[in-house]
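Comments concern the structure below.
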């Protein structure tokens, strides 16, 4: 358990023979919560895919949980939340079935789920706040809920390292808050978090450390607060912050409006 | 029943029963993987195997199986290389397969070469007792593999990148699926013909996905539909004198259209009836839930959310959640913006 969760030494990562990320050195200790920040095309996603074995390590070394990437003996120790806006495939599937896939790496090639595995799936779904939707088709969930199903799928394996790609992009504020709560719990339980994102605002309370990727190089490694403008909330949508909040019933986010409070008090 | 009196019909019905069961059990994974036409391609490849079998006077079923399995493995290896030429390579393989089959069969001694039709469109009544035995063996093996590896095949078909990232053996599982498809192709060759095999793999899955809620129930339903369509199509072809393959596929398409219309009607009437009873909150982008920022209010047997004075009740339907207005008009009278659908 003393091995670092992640250890990159002069790593060059890319596709085919094209290097995207060059000479990256980075050590993430167990239990850390790290944001990998960068603009589109900076190489942050390629860096993450290199860690997952989805992009080729062309030079240097990438070690995950103490073993070279892809050589880890026991599967299920690394969880992955891809950047997908929906879960629904061509065929119908329930939340339980989709999350159950996350448990498969723990079962080996022919193993069948036992009570412990079914409990892990139920716990993972419960952790993301969808326990009452366990047997509903995923297609009936909203986009934010489907994203939480993907998080539950990763949690079902009870991973030691959880890698997430843009978990808050395109998710409404309520789901972002729910996600932040889940990740805070996961992090508190000792799971290492690596979150690739371009907006750290929603998860600022969870992520402590930031690594900035720019043009394929690591340009910053330190506390999240010092990561420069890229770490600020809504850095890609600076206009939104300055627009005054629209008043009126159709606003889809809760807000403390005086008239609303009056009606609330009056209704009970 | 009259048609059960004939030995050839008994064998035909037995063969169609096995095909109807196996083809959808493999087909659902192809649909999930959005690779519906793989069966069609492997059918082309199998024809070369048939040609080899006829030329060498060995059992065409055996040689077709070998050719289709080799083709299936080759396809997965080409796909795994992940180069842009993969698409072209598949086309070369598929059309090479059917062209090779046609040429090889034309070289066969007179009398046998006319069998081409039987392989392309099926000739179920020529099924021999030894064919049935081979089919039964294939059926048992395919169903056993699906039972054993079904959840893994689902995982890989659903999200291949995720499966690779968490360490599932993606390439071996893809090869297993392709070999299952190849076996099914050969099994179905006599019943529906090589050109129509894909239909029996895909159509029952397409019907089942319209009504299924879980992957498992969809799989079972697809198999049930496959058996019903296949056996009744074979029986019907006996009375109408039409080829079994075409009859089965037309039945399946008719069922698909009927279920599509029925599901659309059910949804439309359910929506209309619901809309008459309650105010449905159209276009409600916010998602109510625990800790969403709105006060939950117990309302009878369910929880409403107090949305700026409006009580919103989540209502789950098969396609998503919308919110019903449960406010008493007397309680909630905000000055502006009262929502009507």
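Chains as they are written, first to last, in full-length UniProt numbering: chain A, 1 to 268; chain B, 1 to 341.
Think of the CB as a built atom: it goes at the ideal place given N, C-alpha and C, for glycine as much as any other residue.
Between residue i and residue j, what straight-line distance do the alpha-carbon atoms span, to the nearest angstrom?
i                      : j                      : result
residue 41 of chain A  : residue 21 of chain A  : 11 Å
residue 199 of chain A : residue 45 of chain A  : 14 Å
residue 93 of chain B  : residue 45 of chain B  : 7 Å
residue 327 of chain B : residue 209 of chain A : 46 Å
residue 192 of chain B : residue 94 of chain A  : 33 Å
residue 75 of chain A  : residue 150 of chain B : 19 Å
residue 11 of chain B  : residue 232 of chain B : 14 Å
residue 279 of chain B : residue 307 of chain B : 15 Å
residue 255 of chain B : residue 207 of chain B : 7 Å
residue 50 of chain A  : residue 15 of chain A  : 9 Å
residue 62 of chain B  : residue 110 of chain A : 29 Å
residue 153 of chain B : residue 167 of chain B : 14 Å
residue 15 of chain B  : residue 246 of chain B : 16 Å
residue 30 of chain A  : residue 67 of chain A  : 14 Å
residue 132 of chain B : residue 115 of chain A : 40 Å
residue 128 of chain B : residue 106 of chain B : 24 Å
residue 39 of chain B  : residue 146 of chain B : 16 Å
residue 64 of chain A  : residue 113 of chain A : 26 Å
residue 187 of chain B : residue 26 of chain B  : 12 Å
residue 265 of chain B : residue 299 of chain B : 31 Å
residue 273 of chain B : residue 287 of chain B : 24 Å
residue 100 of chain A : residue 119 of chain A : 10 Å
residue 345 of chain B : residue 80 of chain A  : Past the edges of chain B, shown from 1 to 341, lies residue 345 of chain B, and the structure says nothing about it.
residue 41 of chain B  : residue 296 of chain B : 56 Å
residue 184 of chain A : residue 324 of chain B : 33 Å
residue 118 of chain B : residue 224 of chain B : 26 Å
residue 7 of chain A   : residue 124 of chain A : 28 Å
Taking 8 Å as the CB-CB cut-off, is residue i touching chain B?
i                      : result
residue 18 of chain A  : no
residue 198 of chain A : no
residue 146 of chain A : no
residue 169 of chain A : no
residue 52 of chain A  : yes
residue 89 of chain A  : yes
residue 46 of chain A  : no
residue 93 of chain A  : yes
residue 137 of chain A : yes
residue 76 of chain A  : yes
residue 172 of chain A : yes
For residue i, decide whether its Cβ has a neighbour in chain A, counting only Cβ atoms nearer than 8 Å.
i                      : result
residue 162 of chain B : yes
residue 8 of chain B   : no
residue 37 of chain B  : no
residue 104 of chain B : no
residue 255 of chain B : no
residue 203 of chain B : no
residue 198 of chain B : no
residue 165 of chain B : yes
Identify every residue that forms a DSSP beta bridge with residue i.
i                      : result
residue 137 of chain A : A/94
residue 37 of chain A  : A/197, A/212
residue 24 of chain A  : A/11
residue 296 of chain B : B/305
residue 192 of chain A : A/161
residue 19 of chain A  : A/14
residue 64 of chain B  : Residue 64 of chain B is not bridged to any residue.
residue 169 of chain B : Answer is none; residue 169 of chain B lacks a bridge partner.
residue 313 of chain B : B/324
residue 64 of chain A  : A/6, A/67
Please list, in chain order, all residues of the same chain as residue i whose beta carbon is under 6 Å from its beta carbon, the five residues on each side excluded.
i                      : result
residue 108 of chain B : 54, 55
residue 174 of chain B : 76
residue 69 of chain B  : 179, 182
residue 36 of chain A  : 44, 196, 211
residue 171 of chain B : 80
residue 59 of chain A  : 12
residue 242 of chain A : With a pLDDT of 42 at residue 242 of chain A, under the threshold of 50, the predicted position of this residue should be treated as unreliable, and no value is reported.
residue 53 of chain A  : 69, 70
What does a CB cutoff of less than 7 Å around residue i pick up in its chain, not counting 5 residues either side in sequence?
i                      : result
residue 202 of chain A : 168, 176, 180
residue 142 of chain A : none
residue 28 of chain B  : 205, 218, 219, 222
residue 166 of chain A : 83, 196, 197
residue 182 of chain A : 127, 128, 151
Please list, in chain order, all residues of the same chain as residue i whose beta carbon is under 8 Å from its beta carbon, the five residues on each side excluded.
i                      : result
residue 4 of chain A   : 27, 28, 29, 30, 63, 66
residue 227 of chain B : 17, 20, 21
residue 48 of chain A  : 36, 163, 165, 194, 196
Compare the C-beta of residue i with all C-beta atoms of chain E and state if any pair is closer than 8 Å.
i                      : result
residue 169 of chain B : No chain E is part of this structure, whose protein chains are labelled A and B.
Just to confirm the assignment: which complete alpha helix (DSSP H) runs, minimum length 4, are found wholly within the region 97-154 of chain B? Entirely contained in the region 97-154 of chain B, the alpha helix (DSSP H) runs reaching 4 residues are, in chain order, 116-121.
Counting only runs of 4+ residues fully inside the region 100-153 of chain A, write out the alpha helix (DSSP H) ranges in chain order. 115-127
Residue ranges of each beta strand (DSSP E) run of no fewer than 3 residues wholly in the region 2-36 of chain B, ordered along the chain? none
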